[in-house]
Amino acid sequence: MPGSWSPGWGGSLFMGLPALAADVLPAKAGPSYVRTCTMKTGEEEFKGYYIPGTDTCLRIGGYAWAEGYFNTFSNYPNDFDKTYTIATGAVIVDARTNTEYGVLRSYFESRFKWRTSEPWSDGPENGRANQIEIKGAYIQFAGFTAGYVQSFFDFYANADVLGTDPATIGSDTTTTLLAYTFEFADGFSTTLSLEDAANRMSGVAPVDPGFPGALDDAQTGQRVPDMVANLKYEGEWGAFQLSGALHQVGALDFFFQQQRTDTWGYAVQAGVMFKLPMLGEGDTLYLQTAYANGATAYLGLQDPSGDYSAPDAFIGPFGLSKVSGWNVTASYLHNWNEKWSSAIFGGYGSYKYDDALTEIIYGASGGKNASVGGYLSWAPVEKLQIALQYDYTYNSASNYIFFAPAAVARSSVDASRVLLFVGRDF
Numbered sequence: 072m073p074g075s076w077s078p079g080w081g082g083s084l085f086m087g088l089p090a091l092a093a094d095v096l097p098a099k100a101g102p103s104y105v106r107t108c109t110m111k112t113g114e115e116e117f118k119g120y121y122i123p124g125t126d127t128c129l130r131i132g133g134y135a136w137a138e139g140y141f142n143t144f145s146n147y148p149n150d151f152d153k154t155y156t157i158a159t160g161a162v163i164v165d166a167r168t169n170t171e172y173g174v175l176r177s178y179f180e181s182r183f184k185w186r187t188s189e190p191w192s193d194g195p196e197n198g199r200a201n202q203i204e205i206k207g208a209y210i211q212f213a214g215f216t217a218g219y220v221q222s223f224f225d226f227y228a229n230a231d232v233l234g235t236d237p238a239t240i241g242s243d244t245t246t247t248l249l250a251y252t253f254e255f256a257d258g259f260s261t262t263l264s265l266e267d268a269a270n271r272m273s274g275v276a277p278v279d280p281g282f283p284g285a286l287d288d289a290q291t292g293q294r295v296p297d298m299v300a301n302l303k304y305e306g307e308w309g310a311f312q313l314s315g316a317l318h319q320v321g322a323l324d325f326f327f328q329q330q331r332t333d334t335w336g337y338a339v340q341a342g343v344m345f346k347l348p349m350l351g352e353g354d355t356l357y358l359q360t361a362y363a364n365g366a367t368a369y370l371g372l373q374d375p376s377g378d379y380s381a382p383d384a385f386i387g388p389f390g391l392s393k394v395s396g397w398n399v400t401a402s403y404l405h406n407w408n409e410k411w412s413s414a415i416f417g418g419y420g421s422y423k424y425d426d427a428l429t430e431i432i433y434g435a436s437g438g439k440n441a442s443v444g445g446y447l448s449w450a451p452v453e454k455l456q457i458a459l460q461y462d463y464t465y466n467s468a469s470n471y472i473f474f475a476p477a478a479v480a481r482s483s484v485d486a487s488r489v490l491l492f493v494g495r496d497f
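Per our numbering, numbering of the sequence shown is gapless, rising by one per residue and ending at 497.
Below is the structure:
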C-alpha cells in the first residue's frame with residue numbers, strides 16, 4: 072500500500088549501502104614513516120629527520136629556563152629592584168642539506184621571555200615584561216656565514232657563565248655579519264668578517280661636559296662595518312684563537328656640530344682553551360686577554376652602576392682622543408661526576424683616557440674593573456640542571472679626584488649578584 076514500509080524493500084536498500092561507500096571512499100593509505108638522518112660536519116655528528124619530499128635534515132629543539140635573581144651595589148637606589156625573575160622558553164631550528172659545495176645550513180634560535188626587571192634597574196626595558204629575543208639567525212654555505220651570529224672576534228664568550236644576565240669580563244657579542252672561513256689542514260682555520268658595528272659602539276663623550284652646547288654623546292652613526300679577522304686551531308688537547316678588529320669612531324665636531332670627525336680604533340685578542348680529562352670528563356680551562364684602542368666594547372667590561380663606562384673616545388677642542396684598555400679572563404669548569412659540576416670564572420680590566428684635559432675635568436686617569444664568580448650545579452636527570460651562582464664585580468676610578476667638575480660620585484663601587492637557575496634542554 073502506498074505510504075507503508077516494506078521490510079523486504081528497506082532491507083535490500085541498506086544492504087547496498089556498504090558497497091556504495093566502498094566505491095566512493097578512497098582506499099586507506101599504508102603507513103608512512105619520517106626518515107631519520109645523520110650528517111657529519113667535521114667532528115660534529117648531526118642527527119635529525121628528513122623534511123618529507125626533500126633531502127634536508129631538520130632538527131628542532133629548545134630549552135626552558137627559570138631564573139631568580141638578587142642583585143645590589145654600593146648605595147643602591149631605593150627605587151631599583153633587588154630581586155626579580157625571568158622565565159624563558161627558546162626554540163631552535165637547524166636545517167642542513169648536503170650539496171656539491173658542502174653542507175648548506177640554516178639556523179634560527181629565538182627566546183621568548185617574561186621578566187619583571189632588567190639587571191640593576193627599576194623594571195623591565197620600556198615597561199615590557201614580555202620580550203622576544205633573536206639569539207641567532209644565519210645561513211652557512213661554501214665557507215660563507217651570513218646573518219645574526221656570534222662575532223668571529225669572540226672566543227671564551229662567557230662559556231661557563233649561567234643565566235640570561237650574568238657575565239664576566241671579556242667580549243661576548245652577537246651581531247649581523249658576512250664572513251668567509253677558510254679551513255686549512257690539521258684543525259687550522261681563518262675567518263674574515265664584516266660585522267655590523269651597532270653593538271660595538273661605546274659612545275664619544277665630551278672632554279668638558281660643562282661646556283655650553285656640549286653633547287652627552289657626540290657619537291655619529293656608523294658609516295662602515297667593523298672589519299674582523301681571526302686565526303683558529305681546534306684539536307684533541309683544546310683550541311686557541313688570535314683575533315683582531317678595526318672599528319671606526321665618528322663624532323660631531325666639538326665647535327661645529329654640523330660637521331663630523333672620524334678616526335679608527337682597533338682591538339686584538341688571544342685565547343686558549345685546554346681540555347683536562349685527567350681532572351674530570353669534560354673539564355675545560357679558558358685563558359684569554361685583549362687590548363683595545365678606540366674600541367672599548369671589545370673588552371667586555373662590566374659596569375653594574377653605569378658610572379664607570381669607558382667610551383671609545385673623547386671629543387674636545389683638539390679633536391678626538393681615543394680611550395685604550397686591556398683585560399684578562401680565566402674560567403675553569405669541573406665535572407665532579409655525572410650529576411654534579413661547578414665552575415669558577417673571573418676577569419680584570421683597565422682603561423686609560425690618555426688625554427690630560429680629560430683627566431683634569433673628570434678627576435680620573437681612567438678606571439679599573441674586576442669580576443669573579445662561580446656556580447655549583449646538580450643534574451638529577453639528563454638535560455635538567457639546577458644551579459646556584461654568585462658573581463662579584465668591582466669598579467673604580469684611577470687617580471680619583473672627588474672635587475673635579477665631572478668626577479663620579481664615588482671613587483669605587485662593588486656589586487653582588489646571586490642567581491638560582493633551573494634549566495631543561497630538549
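The beta carbon of each residue, even a glycine, is placed where N, CA and C say it ideally should be.
In this text, all values refer to a predicted model and were calculated from it rather than measured experimentally.
- The beta carbon of Ile415 sits closer than 6 Å to those of Tyr403 and Gly445, all from its chain and outside the five residues before and after it, given in chain order.
- For Ile386, the CB contacts under 7 Å within the same chain, skipping 5 residues up- and downstream, are Val275, Pro277, Val278, Ala289, Ala322 and Phe325 in chain order.
- Put simply, the backbone Cα of Phe117 is about 6 Å away from that of Lys111.
- Taking C-alpha positions only, Gly281 is separated from Asp485 by approximately 28 Å.
- Between Thr291 and Ala269, the C-beta gap is not smaller than 9 Å, which leaves the two residues out of contact.
- When DSSP reads this structure, Tyr219 sits in a beta bridge with Ala208 and Thr247.
- If you draw a straight line from the Cα of Ser448 to the Cα of Tyr147, it is about 29 Å long.
- Listed in chain order, the non-local C-beta contacts of Asp267 below 7 Å within the same chain comprise Thr246, Thr247, Leu248 and Pro296, local neighbours out to five positions each way being set aside.
- By DSSP's assignment, Arg481 forms no beta bridge with any residue.
- Secondary structure in the segment 397 to 432: no alpha helix (DSSP H) run of 4 residues or longer lies completely within the stretch.
- Only buried fits Tyr465, as 16 or more other CB atoms lie within 10 angstroms of its CB.
- For Ala238, the closest alpha carbon among the candidates Gln460, Leu175 and Lys423 is that of Gln460.
- Going by DSSP, Asn270 is part of no beta strand (DSSP E) at all; its letter is neither H nor E.
- Less than 9 Å separates the beta-carbon of Pro190 from that of Asn142.
- Ala166 and Asn470 have their C-alpha atoms spaced approximately 54 Å apart.
- When C-beta atoms of the segment 417 to 436 are compared with those of the segment 370 to 377, three or more pairs fall below 8 Å, so the two segments count as touching.
- The bridge partners DSSP lists for Trp335 are Gln319.
- For Tyr357, the enclosing beta strand (DSSP E) begins and ends at Thr355 to Asn364.
- Membership of Val162 in the beta strand (DSSP E) is indicated by the continuous run Thr154 to Thr170.
- CA-CA distance, Thr332 to Leu391, rounds to 8 Å.
- DSSP places Glu180 in the strand class (E or B) of the three-state scheme.
- For Asp243, the CB contacts under 7 Å within the same chain, skipping 5 residues up- and downstream, are Asp225, Ala228, Asn229 and Gly371 in chain order.
- In the assembly as shown, Asp426 is a buried residue. Its beta-carbon has 16 or more other beta-carbons within 10 Å.
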